[in-house]
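*Asks:* For the sequence shown, the UniProt record's numbering gives the first residue as 1, with consecutive numbering after it.
Please find one structure pasted underneath; my questions will follow.
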Amino acid sequence: MLSTTDYLRLLPKAELHCHFVSVMRVPTLIELAAKHDVALKTDDLDALLEYEGLPDFLDVFNAAHLALTTGDEIARVAYEGVEDAVRDGNLRYREYFINPDNFAPRGIDYPSLIDAITDGLTQAERDFGVGFRLVAAINRSLPAAAATAMVETVLAHPRDAVVGIGQDDLTPELTEDPLRFREAYELAGRHGLKRTAHAGETMNASPWNVIDAIETLGVDRVDHGYRVVDDPAALAKAQASGIPFTCTPHSTHMLSHWEFTPEHRIAQMVAAGLPVTLATDDAVFFKTDIGREYTHALPAMGLGDADAARIARAGFEAAWCNEDQKARLLAEVDAQILALSALR
Ligand SMILES: [Zn+2]
């Protein structure tokens, strides 16, 4: 007899919303920050990972980028992050947001960055069988022209692992403002890159930020998207689009103080039939892991075995790997879900 916690932890998982530096082990962050003279707001581990809100968290997030200065360090973080997630939540596939602008102050150019991450993840794929793709992230704190320039850089240095664009950070006004980056999204789309956007996340975001991302930016996925349930007309449009959402339960608790109840917006999204997938967003910085996103959040939100299996499977369906790999992953996932269900 498998417990609910073990069933949820052992479900095979694809994580599609994971900012690369956030897979860094905290001891590794402390070690590398000290080595490279990066100031952290405190040496107290618990205090380091407590935030007043998203801007406060972003200070730590940005410091983590500065702590990574060599290809070997970047590859090590990539590898360790897979090792941890396999142990914590049976990770089978992951896509990472990579923000090239945040690595630039350390003199790490885009091709070197991508190749270092790919080295670490390829080694981890050999050792743990976890597939991966990379998604270049627009830094929303920079002007729109910087986003377009970032996409031009991605196009100038094609890499098999890099399949799309997304976002991190917030605008200088602490807003989402998806349409600010319209030119970058159009450029990416013209060249066959997949597209996703962070929308409908923050307290001052609008449900219509989600619809702007879907209808105007032409995204293939939405990251977060919670506010879409606040407006029936926006929700109807999201339902009609069939676009998947990457939802990150613990970050909603850490940054917006939402409790895990059946009224949580993620539960409402599931009830509305939206294709919901689960992810950590910033695992280490939100004191979570891909296993905890299922074991702690889903039962408290009133979601059961069948919901959890459907959510886990949706992560693979929404992945941006090639169709052969996706079919292979889905076949493995279906077999594992059947085997786990038989033990309940
Ligand atoms: Zn995110």
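Think of the CB as a built atom: it goes at the ideal place given N, C-alpha and C, for glycine as much as any other residue.
Quick caveat, the model's predicted, so the values are computed rather than measured.
Determine contact between the region 183-191 and the region 127-135, defined as no fewer than three beta-carbon pairs at a distance below 8 Å.
*Replies:* With a cut-off of 8 Å, the region 127-135 and the region 183-191 do not count as touching, because too few Cβ pairs lie within range.
*Asks:* May I ask which residues mark the beginning and end of the alpha helix (DSSP H) holding V60?
*Replies:* Its alpha helix (DSSP H) spans residues 54-66.
*Asks:* Which value, in whole angstroms, describes the spacing of the CA atoms of T280 and T248?
*Replies:* Spanning the two alpha carbons is a distance of roughly 5 Å.
*Asks:* Using the beta-carbon count (16 or more within 10 Å), is D44 buried or exposed?
*Replies:* Exposed, since its Cβ has fewer than 16 Cβ neighbours within 10 Å.
*Asks:* Quick one: is A147 buried, meaning 16 or more other Cβ sit within 10 Å of its Cβ, or exposed?
*Replies:* By the neighbour-count rule (16 or more Cβ atoms within 10 Å), A147 is buried.
*Asks:* I'd like the span of the beta strand (DSSP E) that includes T5, first residue to last.
*Replies:* No beta strand (DSSP E) holds T5; the alpha helix (DSSP H) holding it covers 4-10.
*Asks:* Tell me whether the beta-carbon of R195 lies closer than 9 Å to the beta-carbon of G225.
*Replies:* Not closer than 9 Å, so no.
*Asks:* By the 10 Å Cβ neighbour count, where 16 or more other Cβ atoms means buried, how is E73 classified, buried or exposed?
*Replies:* Per the 10 Å Cβ criterion, buried.
*Asks:* How close, in whole Å, do the beta carbons of V229 and L193 come, if the pair is a contact with beta carbons under 8 Å?
*Replies:* No, V229 and L193 are not in contact; Cβ-Cβ is about 29 Å, not under 8 Å.
*Asks:* Only counting the same chain, and skipping five residues up and downstream in sequence, which positions put a Cβ closer than 6 Å to that of T118?
*Replies:* Excluding positions up to five away in sequence, the list reads A161.
*Asks:* What ranges does the beta strand (DSSP E) occupy inside the region 138-216, keeping only unbroken runs of at least 3 residues that lie completely in it?
*Replies:* Entirely contained in the region 138-216, the beta strand (DSSP E) runs reaching 3 residues are, in chain order, 162-168, 194-199.
*Asks:* DSSP state of A33, grouped into three classes?
*Replies:* A33 falls in the helix class under three-state DSSP.
*Asks:* Do three or more CB pairs link the region 138-145 to the region 166-176 at distances below 8 Å?
*Replies:* Flag = yes, the region 138-145 and the region 166-176 touch.
*Asks:* For K326, which residues in the same chain have their Cβ closer than 8 Å to its Cβ, ignoring the five residues on either side in sequence?
*Replies:* Closer than 8 Å at Cβ, skipping near neighbours: F316, E317, A319.
*Asks:* Helix, strand or coil: how does DSSP classify H250 here?
*Replies:* Correct three-state label for H250: helix.
*Asks:* Beta carbon of F97: closer than 8 Å to some heavy atom of ligand 2?
*Replies:* Questions concerning ligand 2 fall outside what the structure shown contains, since the ligands it does hold are ligand 1.
*Asks:* Confirm the yes/no value for this check: CB of H65, any heavy atom of ligand 1, distance under 8 Å.
*Replies:* The answer is no for H65.
*Asks:* Report yes or no: do the region 9-23 and the region 332-340 share at least 3 C-beta pairs separated by less than 8 Å?
*Replies:* The answer is yes - the region 332-340 touches the region 9-23, with three or more Cβ pairs under 8 Å.
*Asks:* How should S3 be labelled, buried or exposed, when 16 other C-beta atoms within 10 angstroms of its C-beta is the threshold for buried?
*Replies:* That one is exposed.
*Asks:* Helix, strand or coil, according to DSSP, for K41 in the structure here?
*Replies:* DSSP places K41 in coil when its eight states are reduced to three.
*Asks:* Starting from T69, trace the alpha helix (DSSP H) both ways and give me its first and last residue.
*Replies:* Premise fails: T69 is in no alpha helix (DSSP H) and is neither H nor E.
*Asks:* Check each candidate in R25, Y79, R87 and name the one with the smallest Cα separation from R126.
*Replies:* When each option's Cα is compared against that of R126, the closest is Y79.
*Asks:* Assuming L16 and T246 form a contact by the criterion Cβ under 8 Å, report the distance between their Cβ atoms to the nearest whole angstrom.
*Replies:* Confirmed, Cβ separation roughly 5 Å.
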